[in-house]
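Protein sequence lines correspond, in order, to chains R and P.
By our numbering, the letter at position 16 of the first sequence is numbered 16, and the numbering carries on one by one without gaps.
By our numbering, the letter at position 7 of the second sequence is numbered 216, and the numbering carries on one by one without gaps.
All C-beta atoms in this analysis are idealised placements derived from N, C-alpha and C, irrespective of residue type, glycine included.
All figures in this text were calculated on a predicted structure; none of them were measured in a lab.
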Amino acid sequence: MKNVRLAFIDRILSSYAHEVRNYLAIIKETNGLMKDVLQIGKSRSVDSKQFLGYIGCVEDQIARAVSITDYLHRFAHRMDCGRAMISINDIAEELTALMTRLAYRKRIAFEKTLRGGIPQIEADPMLLHCLLFCIIDGKISRLDRNGVIRVGSSLSEGRVCLALESKGESSKETPTAICSDEELNELAAEIGAEILRNGEETIIKLPAA
Amino acid sequence: MAKAKILLVDDEVEFASTLAERLNIRGYETSTVYTADAVLERIAGNVPDIVILDLKMPGASGVDILKDIKKFNQSIEVILLTGHGSDQCNSECQSGGAFDYIMKPVEIEGLTVKIDMALKKKKG
Numbered sequence: 001m002k003n004v005r006l007a008f009i010d011r012i013l014s015s016y017a018h019e020v021r022n023y024l025a026i027i028k029e030t031n032g033l034m035k036d037v038l039q040i041g042k043s044r045s046v047d048s049k050q051f052l053g054y055i056g057c058v059e060d061q062i063a064r065a066v067s068i069t070d071y072l073h074r075f076a077h078r079m080d081c082g083r084a085m086i087s088i089n090d091i092a093e094e095l096t097a098l099m100t101r102l103a104y105r106k107r108i109a110f111e112k113t114l115r116g117g118i119p120q121i122e123a124d125p126m127l128l129h130c131l132l133f134c135i136i137d138g139k140i141s142r143l144d145r146n147g148v149i150r151v152g153s154s155l156s157e158g159r160v161c162l163a164l165e166s167k168g169e170s171s172k173e174t175p176t177a178i179c180s181d182e183e184l185n186e187l188a189a190e191i192g193a194e195i196l197r198n199g200e201e202t203i204i205k206l207p208a209a
Numbered sequence: 210m211a212k213a214k215i216l217l218v219d220d221e222v223e224f225a226s227t228l229a230e231r232l233n234i235r236g237y238e239t240s241t242v243y244t245a246d247a248v249l250e251r252i253a254g255n256v257p258d259i260v261i262l263d264l265k266m267p268g269a270s271g272v273d274i275l276k277d278i279k280k281f282n283q284s285i286e287v288i289l290l291t292g293h294g295s296d297q298c299n300s301e302c303q304s305g306g307a308f309d310y311i312m313k314p315v316e317i318e319g320l321t322v323k324i325d326m327a328l329k330k331k332k333g
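Rendered as structure tokens:
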């Protein structure tokens with residue numbers, strides 16, 4: 001199980017780093033282009049509207065980098081405590097943001113339906129994150145290009161539920177999931193969660209606090 | 210007259226279009242393609258001297274695209290764009306027949322040096 005946890009952190013960080021590096025690459029090129037227009041493109045007149053467009057592009061990339069860094073920041077801080085009150089919707093938002101790049105490699109999109117007014121749960125954030133990550137990661141690895149993963153939260157019989165469903169063609173490649181079903185069950189048991197599997201849908205049920 | 214015809218292949222639209230503009234300012238004729246599927250069609254319609262190819266395209270392997278380009282026209286030189294320089298990247302680059310690779314974010318002067326070296330090789 002230690003390997004699973006390490007692999008989970010590794011993939012989260014790799015996805016985050018890839019995403020931020022892309023934003024930095026765009027900022028660097030846009031900045032370089034502004035410099036080029038001023039220094040090399042002497043035949044071109046400097047158009048303030050064009051420059052405002054470049055500045056807008058840089059601001060947009062900075063905003064995206066800040067947003068994903070905020071998610072990573074919250075994610076990392078949650079790990080500080082062994083047991084905490086957690087909102088399942090916050091966790092779902094955070095994980096899907098941090099996994100965007102992993103999913104995008106296969107052009108897989110997330111569709112979220114997160115219901116309001118769901119009570120918090122009390123759990124070990126590290127284990128809960130790891131469990132949800134491993135389930136989503138497994139679905140990404142089994143899906144072919146252009147698939148969709150639906151993420152939905154709800155409350156059922158006093159228990160908080162998170163449904164994860166994949167839609168699309170199955171991949172012909174060998175799945176690269178980091179965790180087997182047995183290991184997922186083991187993780188779930190550690191946080192008092194129950195996993196229900198129905199075709200391509202996986203439902204995680206957790207006791208409300 | 211342009212120094213060379215370049216095709217830039219990267220799914221990051223803002224990155225590719227901006228880098229293309231920077232290369233054009235430096236006297237190259239650069240066009241862009243944002244999906245792996247469109248690469249061969251574009252090359253067939255207008256053969257470039259050099260392709261700058263992102264190694265990690267969504268839903269496709271950059272190495273496979275590289276091999277397809279080389280199969281289509283051996284004389285097209287390919288420079289790979291990668292997020293991390295590694296031994297694996299170096300060997301993928303060599304086994305696929307790429308001229309060289311460059312890391313993202315790109316140092317424009319370093320890229321133009323590699324483009325000019327690739328052109329020299331192409332012209333013999």
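- In this structure, Val322/P lies away from Leu262/P, with their beta-carbon atoms at least 7 Å apart.
- Within the segment 125-172 of chain R, complete beta strand (DSSP E) segments of at least 3 residues are found at 148-156 and 159-167, given in chain order.
- Taking the beta carbon of Thr30/R as reference, the chain P residues within 7 Å of it are Thr227, listed in sequence order.
- Scanning the segment 26-72 of chain R for uninterrupted beta strand (DSSP E) segments of 3 residues or longer gives nothing; none is fully contained.
- In this structure, Asp137/R is the residue among Asp137/R, Glu200/R, Leu206/R and Cys130/R with its C-alpha nearest to the C-alpha of Ala177/R.
- Excluding the 5 residues flanking it on each side, Tyr310/P has same chain C-beta neighbours closer than 8 Å at Leu264, Ile288, Leu289, Leu290, Thr291, Gly294, Cys298, Asn299 and Cys302, in chain order.
- If you draw a straight line from the Cα of Ser270/P to the Cα of Lys276/P, it is about 10 Å long.
- Taking 8 Å as the Cβ-Cβ cut-off, the segment 93-116 of chain R approaches chain P at Tyr104, Arg105, Lys106 and Arg107, given in chain order.
- Apart from the 5 residues on each side of it in sequence, Thr96/R sits with its Cβ closer than 7 Å to the Cβ of Phe110, Lys112 and Val151 in its chain, given in chain order.
- The shortest C-alpha to C-alpha distance from Val315/P to any of Glu122/R, Ile26/R, Ser87/R and Glu94/R is the one to Ile26/R.
- Remark: C-beta atoms of Ala123/R and Ile204/R do not approach each other more closely than 7 Å.
- Just so you know, the alpha carbons of Glu173/R and Val242/P end up roughly 26 Å apart.
- In the three-state DSSP reduction, Thr202/R falls in the strand class (E or B).
- The DSSP-derived three-state label of Asp277/P is helix.
- Scanning its chain for C-beta atoms nearer than 7 Å, with the 5 sequence neighbours on each side dropped, one finds around Arg235/P the residues Thr321, in chain order.
- Rounded to the nearest whole angstrom, the C-alpha separation of Val46/R and Gly116/R is 50 Å.
- For the C-beta of Arg145/R, the chain P residues within less than 9 Å are, from N- to C-terminus, Pro267, Gly268 and Ala269.
- Less than 7 Å separates the beta-carbon of Cys134/R from that of Leu184/R.
- Contact between the segment 26-41 of chain R and the segment 214-234 of chain P is present, with at least three C-beta pairs closer than 8 Å.
- Gln283/P is classed as exposed because its beta carbon has fewer than 16 other beta carbons within 10 Å across all chains shown.
- The contact set of Leu72/R on chain P, defined by CB atoms closer than 8 Å, is empty, because the minimum CB distance reaches about 18 Å.
- Note on geometry: alpha-carbon atoms of Asp258/P and Ser226/P lie some 18 Å from one another.
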